[in-house]
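Residues -17 to 467 (the working numbering) are what the sequence shown spells out, left to right. Ideal placement from N, C-alpha and C gives every residue a C-beta, glycine not left out. The block underneath contains the structure these notes are about, expressed in structure tokens.
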Amino acid sequence: MTPEVSRSYVLPSHANTRKTDAIRELLPHWRRGLIHAQVIQSRRMREGRRLGYIKTSAMPGYLSQRQWKSVVNQVNAALRSWQARMTSAMKAPIAAIPDLTDAQRRALYKANLRHEWWANAALEPLVIDLMRSSLPLPNFASCRTMAMDASCVTLEAAESGSPHAVWARISRRPGEGTLLIPLGRNRHESTAPGERRNFLQVTVSDRDVIYRVVRNRAKAKIRRPKDPKVLGVDWGMCSMASTSDGRRLGTAVYTWLVARDQQLMALEAALRRQGVRPTDSRRYRRFQGRIREYVRNEVGRIINRLVRDPQLAEIVVEDLDFRSPKLSKRMNRLITRAGRGAWSAKLASLEADTGVSVTAVHAAYTSRACSGCGYVDKRNRPSQAKFRCAFCGRVLNADINGARAIRQRRSLSGIGPAMPRHQVLAQIDEEFLRRWRTDPRQLRERPLRPSRRANGARLAPVNGDSGVIAEEPSLGVETFSRDTG
Ligand SMILES: [Zn+2]
């Protein structure tokens, strides 16, 4: 069987108030069913039995048989995902149990994989501890989502020319017949590849009822081009994305955002003068929504453009950060959130969609590290836009250097994702020392050798000071030899 990925899409509701109210009225019964089913399934789990089907004919009559099937499946899905998270969370505490032989520890790992947590005297206290601290069982008491699968919903495509896209035929509570909900089109959904499943996720909020459908499609094969390309990508503000092969993408975004920022601040000030809280203003919220959507679209557009290159096999990235000191705090928060959201959503599905793999690296010091020699120094950045290495003299655009430094970080071993910054620096320094036999810690304490720029830039342009790459190390290092070993 080919592995599949599924994606959900919101379809706009075309249901009238009567139908919407009928859905709202179903929620408390559904929730009661979820809690009931969870009690049964949790007991099974503790007894070491498999989660399986519950004989729905034996369940109370406040839900129909069909609804009970969906409810049990929803509970099972939530519990299985909880089990998976618990299995991986248990690894560390098992590794930390003192005084075990290798064989004993292996046996515990195996029991953990089989979820035998309650039957095992060594595992039980660990699992209880994790349930108290970080991984409680799913709580359905406040659940607002009904996952209706094929046992209680049928999705039918509407006839062409209809204002609707889909009719959802939902089985109702005993004695109530079926409910027919018309749903509108979602451009992304109707053009998405793959099959629409007979599945409807219905979320009831205070304001409205949200309907999501799911499409399944085959997972893309991992790309293995003849000449595989690994691309470092640095997210920033002057150009939204810079790549290790020297491209700068989304260069117009910043100008657009600066203009919107001024409008946003002006609107906020005007609202405050009228005594209106900006978050209470529909106009303000809509304006923010527009900015968010723009950022999301740009991020998506850039990534689509990168993966169009058939040779691209891997993207190396660090945490995305769009902040700019020239934008207001509010704007920075807005675009960082929108950008991060779009970026992580895109990344999560990139491999499944395109076969391009994604590697995340530690972000520390990538903006100060020279992509040529690996030297880290804050003086490598004479300005926001320019990179000039104080050791090897390399001069290039700071964002492009950042993208290259990110790409190189991938092959620097020993840097874990949660490592503190000073340890990351120690690793980079060690690599530098090994390579150049020069201690970067001492270099950083030395004053910069007075450069020609400092001496004479104001007086007379000296030959070689017009952006030409300087060849010699400018920190006053006498000799350095490349490690050829
Ligand atoms: Zn350098």
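Counted within 10 angstroms of its Cβ, other Cβ atoms place residue i as buried (16 or more) or exposed
i    : result
H404 : exposed
A19  : buried
G228 : exposed
P468 : Nothing about residue 468 can be reported from this structure: the residues present for the chain run from -17 to 467 only.
T38  : buried
A241 : exposed
L95  : exposed
K362 : One detail in the question is off: residue 362 reads as Asn in this sequence, not Lys. Buried, because 16 or more other Cβ atoms sit within 10 Å of the Cβ of N362.
P145 : exposed
I110 : exposed
P307 : exposed
Q245 : exposed
I79  : exposed
N383 : buried
G257 : exposed
R419 : exposed
E85  : Residue identity check: residue 85 is Ala in the sequence provided, not Glu. Classification of A85: exposed, given that the 10 Å Cβ count is below 16.
G214 : buried
P164 : buried
Cβ-based neighbour list, residue i, same chain, cut-off 7 Å, excluding 5 preceding and 5 following
i    : result
D243 : L309, S310 and M313
R48  : S133, C134 and S153
E413 : G356 and L394
Q270 : L316
L162 : W149 and R151
L90  : I76, A104 and L105
Q23  : L33, V57, N58 and L61
Cut-off 6 Å between Cβ atoms - residues of its own chain near residue i, not counting five sequence neighbours on either side
i      : result
A442   : The predicted model places A442 with a pLDDT of 31, which falls under 50 and marks its position as unreliable; any figure quoted below should be read in that light. Taken in chain order, the list of residues that qualify is empty.
N102   : A93
G218   : D381
P364   : R370
T233   : S221
G446   : No answer about G446 holds up, because its pLDDT of 33 lies below 50 and its placement is not dependable.
R28    : W100
R391   : V343
S(-12) : V196 and N198
Whether residue i touches residue j by CB criterion (7 Å)
i      : j    : result
L16    : V57  : yes
T348   : E300 : yes
L231   : I273 : no
T(-16) : A334 : no
L45    : P75  : no
A346   : V298 : no
G396   : Q409 : yes
R389   : V186 : no
E106   : G30  : no
M68    : L117 : yes
R370   : A320 : no
V340   : L332 : yes
S63    : M130 : no
Q293   : D209 : yes
A174   : R206 : no
V235   : E280 : yes
D216   : A385 : yes
L(-7)  : N168 : yes
S(-5)  : Y193 : yes
M128   : W12  : yes
Y(-9)  : E171 : yes
L61    : L33  : yes
V212   : E296 : yes
A139   : G166 : no
Near ligand 2: residue i beta-carbon under 6 Å from a heavy atom
i   : result
R28 : Within the structure as shown, ligand 2 is missing, the only ligands being ligand 1.
Spatial neighbours of residue i in its chain, beta-carbon cut-off 8 Å, leaving aside the 5 residues before and after
i    : result
G43  : P156
C374 : C352, G354, C355, Y357 and P455
Report task. May I have a chain-ordered list of the beta strand (DSSP E) segments no shorter than 3 residues that lie completely inside the segment 206 to 249? Result -> 211 to 217 and 223 to 225
Query raised in the report: Which whole runs of the alpha helix (DSSP H) in the segment 4 to 83 are 4 residues long or more, in chain order?
Result: 47 to 77
Query raised in the report: Is it true that the segment 127 to 136 meets the segment 152 to 163, where meeting means three or more beta-carbon pairs spaced less than 8 Å apart?
Result: yes
Query raised in the report: Could you give the uninterrupted runs of the beta strand (DSSP E) lying entirely in the segment 86 to 156, keeping only those of 3 residues or more?
Result: 127 to 130, 135 to 139 and 148 to 153
Query - Those runs of the beta strand (DSSP E) which lie wholly inside the segment 324 to 410 and span at least 3 residues - result: 339 to 342, 368 to 370 and 377 to 379
Query - Three or more C-beta pairs below 8 Å linking the segment 349 to 359 and the segment 413 to 433 - result: yes
**Report entry** beta strand (DSSP E) runs contained entirely in the segment 257 to 318, provided each spans 3 or more residues
**Finding:** 294 to 299
Query - Meets three-Cβ-pair contact criterion under 8 Å: the segment 194 to 209 and the segment 320 to 337 - result: yes
**Report entry** Cβ pair count under 8 Å reaching 3, the segment 270 to 285 against the segment 319 to 328
**Finding:** yes
Query - beta strand (DSSP E) runs contained entirely in the segment 167 to 208, provided each spans 3 or more residues - result: 177 to 186 and 191 to 200
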